[in-house]
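Protein chains in written order, with the numbering used here: chain S, 1 to 355; chain Z, 1001 to 1349.
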């Protein structure tokens, strides 16, 4: 099996594991491929660790700590450094969404139902949920790919923004990273320099309306250098890069524009562990510089590592956010199935935090 | 590899030309040489080549702006006709005054006419998402009928023995000749200036990048905040303006009069020119010259090879066909697979 749990809730993972253990007990051999170390430790009796196409170690995962295995996997310590949050009085609301309801334009889409939340400076809000519960629609509404009729529904730094397109929102300081890299976040047949121009095209890049290609190129080189993008430099075509390197480039492109608000979908999807750590660190650093960061992810572990608060999306609705001190895999997993009103004990507390 | 496909298309078209000449009982090689090179024999013919290339290049450059963004304006022929009508109106009414502003006013009027005719499909596309290929194409016939009405009716030359044609245009309404002894006029300069201008705008200004992104990937354009509607308007209007000016160039140039058929299909041929030139302004200069040569060669075919001049349309069509085929085959590999037996499908389930 190759990464079988990537779209499952924690409860579903648990029942999958029960089935797998039963199969193994009946004498079936199971080869299980995953980059989620906790799963390997919970499930497997022996593990082979690979890095860059080579075997780097063998161990019994039940006896090894996750960090020791991670070290074998990437050759270094992987824990991202989590800078302290700015003091409460220094925080201000940077992204606010109020009463967002939207009928899906696609017949297979999900309607968004009465979504309200806010993200303040120096904060990462995580949005968890099983794929297809309205995350894509929410991202499009936030990034400006979908515009709304009433401008007040979305506020960026207090300015109504729901009617603005993506470029106008970027001028207000909202950048976004879409979940599909090729064909949305980057154009496969264009070199990285021109892919940098895709979103890095504000006034400083233009001289009397003409593109300053040297400035764009410098910027692309900065993305490549600071985010360790391997594969050919600024003239390499986007589709010649590996998924992880392209993702680093796209995240770099958005983060280096120093947005006040960053909306990121699946920041480390299909990305190798080393790149994932670099990307997460970049998000945490951006938070420490006072930006408001919204992370939409299907990987609960990632959100629990990054987020200050986590809200859950199910059936086009968003649960009240749960603060970091009350993170609980079980409760969040249950919420992913759409049941957060009654059984989540932290609801009251969360509501206080969310306003 | 893709830059090669225009050359491949030219080579394949030549091969088919050889076959056609042989099938018609002519010596294929000498016929092809005569077909291609006799129009270039003297200075006058060279002027003719330029005169026909100018509108093709001008229109193709205008169309390529839209084509880059995936805006398929097939209505250049009608937009050209509107240029003839608007520019012709200025020429007929103010040309006899001999004022120096007549010619610039004709160009401006022609541009407005072409843009006006392109605005219809652009509006229908952006407002109702109506396919611009169909709407712009159908408007070609409407435009042709309007011109016929005018030339058969109000604009008919009273001294013209009842032929459907306008009065000859006044000298003030005609393009100056730039090469003595030929009909080559200033329209060529207009076309080359358009090439230079569009090259700079498309490669150096943000709007050129916006159009390119819109054409390559609609989701990426939306993500970047480049408006698809804006691209439709820019693409359609640029094509309309260019075609309208080309229409003025016809009546102010070689025709010097307004006829019901103002264009020998330049609006359609320019589509081929644009693609053959890979939508690049400089490439379009070369493909425009080649297509112009084919027009002249059609006359050669008729006069000295005894073949119908419709052979021009045949070769133009083949060029586009072979180039599109070459593009597909360079980009994709064709694989023949045996049909999967039903039993295997059953087993796979």
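Yeah, the Cβ is synthetic: ideal placement off N, Cα and C, and Gly gets one too. Nothing here was measured: the structure is a model prediction, and the numbers come from that model.
Pair within 8 Å by beta-carbon distance, residue i and residue j
i	j	result
residue 1266 of chain Z	residue 1055 of chain Z	yes
residue 101 of chain S	residue 137 of chain S	no
residue 261 of chain S	residue 173 of chain S	yes
residue 215 of chain S	residue 205 of chain S	yes
residue 57 of chain S	residue 72 of chain S	yes
residue 336 of chain S	residue 130 of chain S	yes
residue 1235 of chain Z	residue 1211 of chain Z	yes
residue 1077 of chain Z	residue 1263 of chain Z	yes
residue 1351 of chain Z	residue 1244 of chain Z	The question about residue 1351 of chain Z has no answer here: the residues shown for chain Z are numbered 1001 through 1349.
residue 1209 of chain Z	residue 211 of chain S	yes
residue 1103 of chain Z	residue 1053 of chain Z	no
residue 1031 of chain Z	residue 1305 of chain Z	yes
residue 177 of chain S	residue 250 of chain S	yes
residue 1114 of chain Z	residue 1079 of chain Z	yes
residue 1059 of chain Z	residue 1246 of chain Z	yes
residue 121 of chain S	residue 292 of chain S	yes
residue 235 of chain S	residue 191 of chain S	yes
residue 1074 of chain Z	residue 1148 of chain Z	no
residue 1251 of chain Z	residue 1091 of chain Z	yes
residue 41 of chain S	residue 70 of chain S	no
residue 1294 of chain Z	residue 1315 of chain Z	yes
residue 30 of chain S	residue 37 of chain S	no
residue 316 of chain S	residue 113 of chain S	yes
residue 287 of chain S	residue 124 of chain S	yes
residue 1207 of chain Z	residue 1200 of chain Z	no
residue 1143 of chain Z	residue 1081 of chain Z	yes
residue 1228 of chain Z	residue 1220 of chain Z	no
residue 1324 of chain Z	residue 1272 of chain Z	no
The alpha helix (DSSP H) enclosing residue i, as first and last residue numbers
i	result
residue 276 of chain S	273-288
residue 158 of chain S	From DSSP, residue 158 of chain S is part of no alpha helix (DSSP H); its letter is neither H nor E.
residue 1314 of chain Z	1311-1331
residue 1049 of chain Z	1043-1068
residue 1138 of chain Z	1132-1152
residue 1221 of chain Z	1218-1224
Cβ-Cβ separation, residue j to residue i (assumed contact under 8 Å), whole Å
i	j	result
residue 39 of chain S	residue 60 of chain S	Their Cβ separation, rounded to whole angstroms, is 15 Å, which puts residue 39 of chain S and residue 60 of chain S out of contact at 8 Å.
residue 1014 of chain Z	residue 1296 of chain Z	Actually they are not in contact, since the Cβ atoms of residue 1014 of chain Z and residue 1296 of chain Z sit about 16 Å apart, beyond 8 Å.
residue 1065 of chain Z	residue 1317 of chain Z	The Cβ separation is near 24 Å, so there is no contact.
residue 1106 of chain Z	residue 1248 of chain Z	5 Å
residue 156 of chain S	residue 95 of chain S	6 Å
residue 1037 of chain Z	residue 1274 of chain Z	Between residue 1274 of chain Z and residue 1037 of chain Z the Cβ distance is about 25 Å, and since that is not below 8 Å, they are no contact.
residue 3 of chain S	residue 33 of chain S	6 Å
residue 238 of chain S	residue 220 of chain S	Not really, about 11 Å apart at Cβ, beyond 8 Å.
residue 306 of chain S	residue 283 of chain S	6 Å
residue 1224 of chain Z	residue 167 of chain S	7 Å
Segment limits, beta strand (DSSP E) that includes residue i
i	result
residue 117 of chain S	112-120
residue 96 of chain S	93-102
residue 215 of chain S	Segment 213-226 is the alpha helix (DSSP H) holding residue 215 of chain S; no beta strand (DSSP E) there.
residue 208 of chain S	Residue 208 of chain S -> no beta strand (DSSP E), and no H or E assigned at all.
residue 176 of chain S	174-177
residue 54 of chain S	54-59
residue 9 of chain S	Premise fails: residue 9 of chain S is in no beta strand (DSSP E) and is neither H nor E.
residue 123 of chain S	123-128
residue 262 of chain S	261-265
residue 294 of chain S	292-296
Below-8 Å beta-carbon distance, residue i vs any chain C residue
i	result
residue 199 of chain S	Protein chains S and Z are contained in the structure displayed, whereas chain C is not.
Would you check if there are 3 or more beta carbon pairs closer than 8 Å linking the segment 308-315 of chain S to the segment 140-157 of chain S? no
Examine the Cβ distances between the segment 1251-1271 of chain Z and the segment 1160-1169 of chain Z and report whether three or more of them are shorter than 8 Å. yes
Interfacial residues, the segment 1193-1209 of chain Z to chain S, with Cβ spacing under 7 Å: 1204, 1205, 1206, 1209
For the segment 1214-1242 of chain Z, which residues have a CB atom closer than 8 Å to at least one CB atom of chain S, in sequence order? 1216, 1217, 1219, 1220, 1222, 1223, 1224, 1225, 1226, 1227
For the segment 1177-1191 of chain Z against the segment 148-162 of chain S, do three or more pairs of beta-carbon atoms, one drawn from each stretch, fall closer than 8 Å, so that the two count as touching? no
Inter-stretch contact at 8 Å, needing at least 3 Cβ pairs: the segment 1036-1051 of chain Z / the segment 1286-1296 of chain Z: yes
Listed from N- to C-terminal order along the chain, which residues in the segment 158-179 of chain S have their beta-carbon within a distance smaller than 8 Å of any beta-carbon of chain Z? 165, 166, 167, 168, 169, 170, 176, 178
Give the residues from the segment 211-227 of chain S that approach chain Z closer than 9 Å (Cβ to any Cβ), ordered along the chain. 211, 213
Just checking, does the segment 1190-1200 of chain Z make contact with the segment 1122-1132 of chain Z on the three C-beta pairs under 8 Å criterion? no
Output, in sequence order along the chain, the residues in the segment 116-144 of chain S whose CB is closer than 9 Å to any CB in chain Z. 140, 143, 144
Which residues, in order along the segment 40-60 of chain S, keep a beta-carbon less than 9 Å from a beta-carbon of chain Z? none
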